[in-house]
Structures are given as C-alpha cells and as structure tokens.
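Under numbering that gives the first Met the number 0, the letters of the sequence shown match residues 0 to 330, in that order.
Ideal Cβ placement from N, Cα and C applies to all residues, glycine included.
Model, not experiment: these values are computed from the prediction.
Read through the structure below, which is laid out as structure tokens, and then see the notes.
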Amino acid sequence: MKFLARAAALLALSGGTVPAMTAMSSPQRQALTAAAPGLLAANDVPSMPVGYIESGKVAWTAVYGERAPSEAAGEDTLYNIASLAKPVVAETILRFVGSGTLDLDTPLATQFVDRDLTDDPCAQKINLRHALSHRTGVPDNWRDRMEGGKLRLEWEPGTRAHYSGENYAMAARYAMMATQTRLDDLAKQQLFEPTGMSDTYFLLDEAWEGRVAMVRRKDGTLRLPDNSPQGSAADDVHTTIGDYTRFVAAAMRGDGLTPALIEQRATIYDDQTAQACPEGLIPQDKCPKRLVMGLAGTSMIAARTVSLSTMARTGVSAPSPCSSPKRALAL
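Following this line, the structure appears as structure tokens:
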C-alpha cells in the first residue's frame with residue numbers, strides 16, 4: 000500500500016530550490032522533484048514537505064522550497080501543522096484507551112463540565128467518543144465565534160457531527176485530568192517516544208528560533224505562523240516531515256492499538272463528502288475525494304459506516320432534551 004503524506008499542508012515558495020531529501024532515489028520522488036517548482040508556484044507557498052509511505056513503512060521524505068527568504072527548507076525545518084495536530088492527539092488518547100487507562104464512553108462530566116455548559120443537561124452526556132469524532136453538539140470551531148463568546152451545544156451529543164477545535168480541547172482536558180498528566184507528557188509517553196518522534200512539540204521556545212517554516216500572507220508577504228503560547232490540542236503542534244511521516248505510518252499500521260480499537264477507529268460516524276466543497280467556495284480540483292468523521296477527527300482511514308438514524312444531515316436542528324443526572328463540579 001502506498002500513501003502520500005503531506006505534512007503541514009503545503010506551508011510554504013518561490014522557485015526551484017534544491018530539495019532536502021532522505022533515502023535512495025525513486026521514480027515517484029524524481030517525478031515530484033520535477034513537479035515541485037510548479038506546485039509551489041501554483042499554490043503560492045514558500046515550501047512543501049512530503050513523505051512517502053509504502054507497505055506501512057516510511058520510504059522517503061523530501062522538503063522543497065524555502066523556510067525563509069533565501070534560506071532553503073530542510074529535513075530539520077519545523078512546521079506548524081495546524082489542525083493536523085488533531086490526529087496526533089486522537090492517537091495519543093486512543094493508545095491510553097487501549098491500555099485501559101481511559102474509556103471512550105465514560106462521560107467527560109466525571110472529570111469536569113465546561114464553565115459555559117453548567118446549565119445544559121446535554122453536557123452530562125458528552126464522552127471521549129463524541130469529542131474525538133466531532134459529535135459533541137458544538138456548532139462552531141471556537142467559542143469566540145459563538146454568541147457572546149460562550150460555548151454552547153446545538154444538538155444532543157452523538158446525533159450530529161460538526162468540526163470544532165473545542166471538541167479536541169474537551170478531549171485533551173479530560174485525558175489530562177483523568178491521568179493528572181500534561182498533554183505533551185501524555186503524547187511523549189504513548190506516541191512520540193515509541194514512534195521515534197523526537198522533534199515534535201506542543202510548545203515552542205527560543206531554542207527553535209530559525210527552524211520554523213514561514214507562511215505567505217494573502218498580501219504576498221512572509222511571516223512566521225501564529226502560535227499559541229499555552230499550547231493546543233487542536234492546532235499549533237510543530238514537527239518535522241520525518242516525524243509526521245513516521246506518525247502516519249504508525250497510525251496506518253495500528254501501532255499501540257488493539258484490533259478491536261483499530262476497527263472502532265476505522266468506523267465512519269458521518270460522511271461529509273457532499274458538504275466538503277460547496278460550489279464556488281473551494282476549487283473542485285482541490286477538493287478531497289472523501290471527507291468523513293471518525294475517532295481520528297476528520298478521518299482518512301475508513302472501513303465501515305455506522306448508521307445514525309437520528310442524525311440531522313441538513314439544516315439546523317434544535318437541541319434535544321437530555322436527562323439531567325447529578326452534575327459534576329464545573330471547573
């Protein structure tokens with residue numbers, strides 16, 4: 000099986016900078032090297048990291064373009080991978096589920112209830128499975144985009160999928176509280192160290208100055224990507240193409256997961272392919288062939304589909320009434 004992993008989603012050019020590469024030459028890489036200048040120019044990005052996986056193993060990685068003006072990007076260039084952080088967090092949590100430390104179906108309310116949801120009985124039903132598959136009922140990406148800047152639930156948990164960074168913030172907070180361990184330490188323990196991801200970080204410091212890939216603004220100027228100083232479970236992880244390709248290969252193999260959990264991770268809870276590229280919003284040649292929601296978030300691994308007869312796939316539905324068990328302490 001062959002898989003092309005594009006970490007950092009075309010974050011970065013300008014021209015035919017000599018690429019940094021690992022491993023021996025291959026026809027696929029030769030073809031990509033020839034096409035790279037055109038791809039960089041067409042997408043108006045400074046650099047492009049690429050990883051190639053074959054038969055579940057990393058075959059090669061390459062980096063094209065410039066990290067900064069007149070400075071070539073290389074294998075040690077760090078990319079802010081934005082929402083590609085979500086699969087990293089999902090895989091970390093799933094490994095703890097596999098070890099029995101965490102449970103997908105235990106309500107998050109056993110550890111906390113978000114301060115904005117203390118008066119909503121539906122919040123008592125949210126569990127890790129809902130959060131990882133974007134089915135908590137949160138209707139927007141971040142609470143600051145919602146009315147009054149407050150988090151709210153628009154649907155009963157488990158009945159409708161909607162992409163949101165708040166879902167992963169909830170999942171990570173639950174994992175940290177249940178284990179009394181920081182998120183970066185959880186990732187190091189279960190994922191980074193076993194997978195050989197020695198150059199991946201939730202938090203950056205001054206030691207990495209000069210290594211982070213710049214991005215191009217809409218006005219054509221270059222700048223460093225935004226970065227959350229406190230870290231985030233939904234974005235802002237920094238990594239190299241080598242580390243992220245090793246991560247994708249490990250996830251494809253199912254490293255650290257039981258067969259039953261691998262099958263659950265492959266479950267499609269919602270297929271949003273039809274809504275992925277509304278006409279006129281995204282060029283059709285850039286649309287994904289398929290967009291689904293699973294336990295890895297916006298999933299690229301799918302084996303079977305779960306039918307949710309109560310799921311409202313179009314329009315806006317009112318929240319369903321939820322039973323209201325004794326509330327956990329709101330933090």
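With 16 other CB atoms within 10 Å as the buried threshold, where does residue i fall?
{"i": "Ala-34", "result": "exposed"}
{"i": "Thr-244", "result": "buried"}
{"i": "Trp-207", "result": "exposed"}
{"i": "Lys-85", "result": "buried"}
{"i": "Gly-147", "result": "exposed"}
{"i": "Ser-98", "result": "exposed"}
{"i": "Arg-28", "result": "buried"}
{"i": "Arg-303", "result": "Because Arg-303 sits at a pLDDT of 32, beneath the cut-off of 50, its placement in the model cannot be relied upon, and the point is left open."}
{"i": "Arg-128", "result": "buried"}
{"i": "Ser-46", "result": "buried"}
{"i": "Ala-30", "result": "exposed"}
Return the residue from the list the options that minimises the CA-CA distance to residue i.
{"i": "Ala-160", "options": "Val-291, Ala-89 and Thr-178", "result": "Val-291"}
{"i": "Leu-83", "options": "Gln-179, Ala-232 and Gln-274", "result": "Ala-232"}
{"i": "Ala-174", "options": "Asp-235, Phe-95 and Arg-210", "result": "Phe-95"}
{"i": "Ala-273", "options": "Ala-265, Thr-266, Gly-64 and Gln-283", "result": "Gln-283"}
{"i": "Leu-150", "options": "Asp-113, Ile-240 and Asp-270", "result": "Asp-113"}
Give the secondary structure of residue i by DSSP, where H, G and I count as helix, E and B as strand, and everything else as coil.
{"i": "Trp-207", "result": "helix"}
{"i": "Asn-126", "result": "strand"}
{"i": "Ser-306", "result": "The pLDDT assigned to Ser-306 is 30, lower than 50, so where the model puts this residue is not dependable; a value taken from the coordinates is nonetheless given after this. Of the three classes helix, strand and coil, the one that applies to Ser-306 here is coil, per DSSP."}
{"i": "Leu-31", "result": "helix"}
{"i": "Asn-42", "result": "helix"}
{"i": "Arg-66", "result": "strand"}
{"i": "Leu-77", "result": "strand"}
{"i": "Gly-296", "result": "strand"}
Contact defined as beta carbons within less than 8 Å: I believe residue i pairs with residue j. What is the distance between those atoms, to the nearest angstrom?
{"i": "Ser-132", "j": "Leu-294", "result": "6 Å"}
{"i": "Gly-55", "j": "Arg-252", "result": "5 Å"}
{"i": "Val-214", "j": "His-237", "result": "Contact doesn't hold; Cβ gap of about 13 Å is too wide."}
{"i": "Leu-152", "j": "Asp-119", "result": "6 Å"}
{"i": "Arg-142", "j": "Asp-115", "result": "7 Å"}
{"i": "Ile-125", "j": "Leu-107", "result": "5 Å"}
Taking the runs of the alpha helix (DSSP H) that are 4 residues or longer, which of them lie wholly in the stretch 227-281? Listed in chain order, the complete alpha helix (DSSP H) runs (minimum 4 residues) inside the stretch 227-281 are 240-252, 258-264 and 272-275.
Please go through the stretch 156-229 and give each complete beta strand (DSSP E) segment of 3 or more residues, from N-terminal end onward. Counting only runs of 3+ residues, no beta strand (DSSP E) is found wholly inside the stretch 156-229.
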